[in-house]
Amino acid sequence: MKNIVLIGFMGSGKSTVGCRLAHRLGYKFVDTDYEIEQVTGLTVAQIFAKHGVKRFRGEEALLVSKLMHQQDLVIATGGGLVLRPENVAMLQQNGVLIGLKASAQTICSRVRNKRTRPLLARGNLRENVERLLRERQAAYDVAEFSVDVDQLTPEEIVDIIYHYL
Ligand code: S3P
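So for the sequence shown, the UniProt record's numbering puts the first residue at 1; every next one is plus one.
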């Protein structure tokens, strides 16, 4: 069966929902940030600090090119992975893209530990989140189905996606 690919902003719940959805479907769960940390031996924050965002995006692209040949996966993507259209094209070949949409308020309340999210580490959190949400709106719109997650528990989100599939 096709992979289920969760896309959306940091703090929208991709990893939590993805892990539970994979369990429900009997699929393997893959978290792209975690995989990249395993492959490089560095945390996401260390990759950004030592090598920069371009290198991290390169690691994401490399991982996507491997995952597109696998099936029965639930993939929780890093929030910026869909910024590269070629990643989206590869994931769509063998996957269903599902969006998780959270408001700036919800995101800010969840991404408290800014050290693990280098793009939010500097400046005003709320302003950064709102700016990035605006910039990325089109990128997240590639999802064929999206869930507004603000008022929902992870289990409810899993249910909605499960019934959509
Ligand atoms: C990023 C999101 C992060 C991580 C990296 C960059 C982004 O993943 O990949 O910090 O550009 O939105 P999460 O969405 O899992 O926090």
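Just so it is clear, CB atoms sit at the ideal spot from N, CA and C, and this is done for glycine as well.
The structure presented is a predicted model; accordingly, all values stated were derived computationally and were not measured.
- Contact between V149 and L97 is absent: CB atoms are separated by about 16 Å, not below the 8 Å threshold.
- Excluding five sequence positions before and after V158, the CB atoms of its chain that fall closer than 7 Å to its own CB belong to V17, R20, L21, R24, given in chain order.
- At least one heavy atom of the ligand S3P falls within 7 Å of the beta-carbon of V44.
- S15: member of the alpha helix (DSSP H) spanning 14 to 25, first to last residue.
- A direct Cα-Cα distance of roughly 33 Å separates F29 from N124.
- Assignment of beta-bridge partners to N3 by DSSP yields G95.
- Looking at I36, R126, N87, P118, the one whose alpha-carbon comes closest to that of T106 is R126.
- Contact between L100 and G8 holds, with the beta-carbon distance rounding to 4 Å and staying under 8 Å.
- Relative to the ligand S3P, the beta carbon of M10 is positioned inside 7 Å of a heavy atom.
- The DSSP assignment places complete alpha helix (DSSP H) segments of no fewer than 4 residues inside the region 75 to 157 at 85 to 93, 104 to 110, 125 to 140, in order along the chain.
- At a threshold of 7 Å, L119 counts as near the ligand S3P, since its beta carbon sits closer than that to one of the ligand's heavy atoms.
- When DSSP states are grouped into helix, strand and coil, G52 belongs to the coil group.
- Assignment of beta-bridge partners to V39 by DSSP yields no partner.
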